[in-house]
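Peer 1: Residues in the sequence shown are numbered consecutively from 1, following the UniProt record's numbering.
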Amino acid sequence: MKILWTDGNIHTMHKDGEKVDAVLVEDGKIIQTGRKEELLELADVVHSLDGASMYPGFVDSHIHLIGHGEKLAYLDLSLIDSIEEIVDEVTSRVLNEKWYVAEGWNDNKLKENRPITRYDLDKMKDTPVVLKRICRHVLVANTKAIELAGITKETPNPTGGIIGKDTEGNLNGLFYDSAQQLITSKIPPTTTDYLVEVIKSSVSDLQSKGLTGVHTEDMAYYGPYTVPLKAYRKVIGRSFRTHLLRHHDVFEEMQGEKETSSFIEFGAMKIFIDGSLGGHTALLSEDYSDNPGNKGVAVHKPEKLEQLVRMARSYNETIAVHVIGDKAVEIILDLIEKYPVPSGKKDRLIHVNVLREDLVNRMAELPVVLDLQPMFVPSDFPWVKERLGKDRLKWSYAWKTLISRGFDCSGGSDSPIEIADPLLGMDAAVNNKYLPDQALTAFEAISLFTTGSAKAIGKERERGRILPGFDADFTIVDIELNETTFRKASIVETIVAGETVYLNNSLREK
Numbered sequence: 001m002k003i004l005w006t007d008g009n010i011h012t013m014h015k016d017g018e019k020v021d022a023v024l025v026e027d028g029k030i031i032q033t034g035r036k037e038e039l040l041e042l043a044d045v046v047h048s049l050d051g052a053s054m055y056p057g058f059v060d061s062h063i064h065l066i067g068h069g070e071k072l073a074y075l076d077l078s079l080i081d082s083i084e085e086i087v088d089e090v091t092s093r094v095l096n097e098k099w100y101v102a103e104g105w106n107d108n109k110l111k112e113n114r115p116i117t118r119y120d121l122d123k124m125k126d127t128p129v130v131l132k133r134i135c136r137h138v139l140v141a142n143t144k145a146i147e148l149a150g151i152t153k154e155t156p157n158p159t160g161g162i163i164g165k166d167t168e169g170n171l172n173g174l175f176y177d178s179a180q181q182l183i184t185s186k187i188p189p190t191t192t193d194y195l196v197e198v199i200k201s202s203v204s205d206l207q208s209k210g211l212t213g214v215h216t217e218d219m220a221y222y223g224p225y226t227v228p229l230k231a232y233r234k235v236i237g238r239s240f241r242t243h244l245l246r247h248h249d250v251f252e253e254m255q256g257e258k259e260t261s262s263f264i265e266f267g268a269m270k271i272f273i274d275g276s277l278g279g280h281t282a283l284l285s286e287d288y289s290d291n292p293g294n295k296g297v298a299v300h301k302p303e304k305l306e307q308l309v310r311m312a313r314s315y316n317e318t319i320a321v322h323v324i325g326d327k328a329v330e331i332i333l334d335l336i337e338k339y340p341v342p343s344g345k346k347d348r349l350i351h352v353n354v355l356r357e358d359l360v361n362r363m364a365e366l367p368v369v370l371d372l373q374p375m376f377v378p379s380d381f382p383w384v385k386e387r388l389g390k391d392r393l394k395w396s397y398a399w400k401t402l403i404s405r406g407f408d409c410s411g412g413s414d415s416p417i418e419i420a421d422p423l424l425g426m427d428a429a430v431n432n433k434y435l436p437d438q439a440l441t442a443f444e445a446i447s448l449f450t451t452g453s454a455k456a457i458g459k460e461r462e463r464g465r466i467l468p469g470f471d472a473d474f475t476i477v478d479i480e481l482n483e484t485t486f487r488k489a490s491i492v493e494t495i496v497a498g499e500t501v502y503l504n505n506s507l508r509e510k
């Protein structure tokens, strides 16, 4: 059946300002675009946009889909601005002898202006409590959780992690980067049935935000990778395009997985090089300005990191690398130059918050896609100025500079760390009051979540634009998007492979 979409503003995203009058869809693909009068006689069904605006389906290129779903159900600590209130809220929810986990606390926004410690949480003596920092690179555990994990002040720091201690050398309950696994490995594993419900909730919410797909990394945190993968296969069907990055711990094991589709795809090897700026664990080439003597944390020893890159290349695969600090970028560039990406493919550098001119020049010589999170700017400023100091800001969060240099850039939210709303992400990219010289145009911002996300996975010839032969994935909003309307716009309809998966009944009747 041929379906014609018309009577609205249809933005192809092929060129800035390019629109078409109508789009003809059949079997989940765009078969023709052009004038309404010419395509009308070919259509079996006509859908009027009633003046609304259609864009290629928005795709979040960096999210933790399961974590996003859990955040919908759990206490969201990012909404609370004091340790006292966090402790009160958690205390009211815990069940004795069952682990309680929540996330989102941000010491940069807490009234006490310090991290939460185990001493704050020890009001809950019988229940192991774990609260993850908003960046997910730090957690705090109460004494019960620490005891169950068998950790003492004599326990050595693991590679790529730090066990926090107070000034007297006693455990303070804080665990940084890979040290978190000492605690999280003791939390009872989740089940596929549980994850099915979480994924359903997450996908439904993301579709309501206009997202037709995401790139997510969930394969190494919920027991064997087969547990979350089975849940995905039970839920996704043809309603959402899910690109699964493969954590380095399960990458090789997952090589035996052959059952893929355009709705569940397997992607690059995911590697973490460093931590976060908020937790002082992003790896910098010079000391933190507000923490002299600290340059951050390297998650892997050099020989381990090199072994991971070699492994990816042995399978003719790309890497997707978490790099926030400039030293982290330098380390991975050394390895990409030593072990080039397979011909015709591109590696992905995720975040690239802090750069240097020499690093940008090196990146420009390599086939890489830069995976940006525009929401980091309103989230990290103004406190990040103290972390980095004035001199480093020129090459920090340098989205406009990178796009102007010709880099392929995609856009993600990093939810549950930030809000998974592409319209808010676009607004943050365009209305950048902290770094106005790095503000993007509306077209550039929308491109991050359309053409950019397609380029990040090598799908730029079939997704991200409204052109013949492309997937019929569309996001329909009630008004045209520009610098002043991102926050005012509402999602009217979300369409995946030609089928409506979300309909805002207050804006459109079936």
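Idealized CB from N, CA, C, for every residue including glycine.
The structure presented is a predicted model; accordingly, all values stated were derived computationally and were not measured.
(1) Reducing DSSP to helix, strand and coil, say where Asn361 ends up.
(2) Checking 8 Å against the spacing of the C-beta atoms, do Ser53 and Asn9 come in under that value?
(3) Between which two residues does the beta strand (DSSP E) harbouring Leu26 extend?
(4) Using only the alpha-carbon positions, how far apart do Val477 and Phe266 sit?
(5) Can you tell me whether Thr167 is buried or exposed? The criterion is at least 16 other CB atoms within 10 Å of its CB, across all chains shown.
(6) Going by Cα to Cα distance, which pick from Thr212, His64 and Asp391 is closest to Tyr221?
(7) Along the chain, which unbroken stretches of the beta strand (DSSP E) at least 3 residues long are found entirely within the segment 35–61?
(8) Of the residues Ser204, Leu283, Ala179 and Val129, which one's Cα is nearest the Cα of Val354?
(9) Would you list the one or two residues that DSSP bridges to Trp5?
(10) I need the straight-line Cα distance from Leu308 to His248, nearest angstrom please.
(11) Does the segment 25–43 touch the segment 488–501, meaning 3 or more C-beta pairs lie closer than 8 Å?
(12) Check whether the segment 400–408 touches the segment 423–439, counting contact only when three or more Cβ pairs, one atom from each stretch, lie closer than 8 Å.
(13) Give me the DSSP bridge partner(s) of Asn291.
(14) Take Glu85 as the anchor and find which of Ala141, Asp120 and Tyr55 has the nearest alpha-carbon.
(15) Under 8 Å, do Leu372 and Ser410 count as touching if we go by C-beta distance?
(16) Sorted by chain position, which residues of the same chain lie with C-beta nearer than 7 Å to Cys228's C-beta, five sequence neighbours on each side aside?
(17) Using a Cβ-Cβ cutoff of less than 7 Å, which residues in the same chain neighbour Thr485 once the five nearest sequence positions on both sides are dropped?
(18) Could you give the DSSP three-state label for Ile66: helix, strand or coil?
(19) To the nearest angstrom, how far is the alpha carbon of Tyr232 from that of Thr192?
(20) Quick one: what's got a C-beta closer than 8 Å to Gly169's C-beta in the same chain, skipping five residues either side?
(21) Expressed to the nearest angstrom, what Euclidean distance is found between the alpha-carbon atoms of Val138 and Leu131?
(22) Helix, strand or coil: which one does DSSP assign to Tyr232?
(23) Tell me whether Asp347 sits in a helix, a strand or coil according to DSSP, three-state version.
(24) Can you tell me which of Val129, Glu70 and Asn106 puts its alpha carbon nearest to the alpha carbon of Lys98?
(25) With respect to the beta strand (DSSP E) encompassing Ala456, which residues constitute its N-terminal and C-terminal limits?
(26) Do you know how far the Cα of Met254 is from the Cα of Gly344?
(27) Could you tell me if Asp391 is buried or exposed, where buried requires 16 or more neighbouring beta carbons within 10 angstroms of its beta carbon?
(28) Rounded to whole angstroms, what is the Cα-Cα separation between Ile419 and Ile273?
(29) Between Val45 and the rest of its own chain, which residues show a CB-CB distance below 6 Å, the 5 nearest in sequence each way excluded?
(30) Could you give the distance in angstroms between the alpha-carbon of Lys433 and the alpha-carbon of Ala445?
(31) Pull up the distance between the alpha-carbon of Gly256 and that of Tyr100, whole angstroms please.
(32) In or out: Gly17 buried (at least 16 other Cβ within 10 Å) or exposed?
(33) For Gln32, which beta-bridge partners are listed by DSSP?
(34) Take Leu171 as the anchor and find which of Arg356, Ser261, Thr475 and Ile116 has the nearest alpha-carbon.
(35) What's the C-alpha gap between Phe240 and Gly213?
(36) Going by C-alpha distance, which of Gly278, Arg118, Asn157 and Met269 is nearest Thr143?
Peer 2: In short, the structure shows the following:
(1) helix
(2) yes
(3) As written in the sequence, residue 26 is Glu, which differs from the Leu given in the question. Unbroken beta strand (DSSP E) run through Glu26: Lys19 to Glu26.
(4) 30 Å
(5) exposed
(6) The candidate whose alpha carbon is nearest that of Tyr221 is His64.
(7) 45–48 and 53–56
(8) Leu283
(9) Val23 and His47
(10) 7 Å
(11) yes
(12) yes
(13) Note: Asn291 sits in a beta bridge opposite Tyr288.
(14) Asp120
(15) yes
(16) Per the sequence presented here, residue 228 reads as Pro, with Cys not at that position. Cβ within range, chain order: Ile66, Leu195, Asp218, Met219 and Tyr222.
(17) Ile479
(18) helix
(19) 9 Å
(20) The residues are Lys153.
(21) If I take the Cα positions, the gap works out to 9 Å.
(22) helix
(23) strand
(24) Val129
(25) Premise fails: Ala456 lies in the alpha helix (DSSP H), Thr451 to Ala456, not in any beta strand (DSSP E).
(26) Looking at the two C-alpha atoms, the distance is approximately 22 Å.
(27) exposed
(28) Ile419 and Ile273: Cα-Cα distance of roughly 24 Å.
(29) Ile3
(30) 15 Å
(31) 35 Å
(32) Around the CB of Gly17, fewer than 16 other CB atoms lie within 10 Å, so the residue is classed as exposed.
(33) Leu24
(34) Ile116
(35) Their Cα atoms are separated by approximately 5 Å.
(36) Arg118
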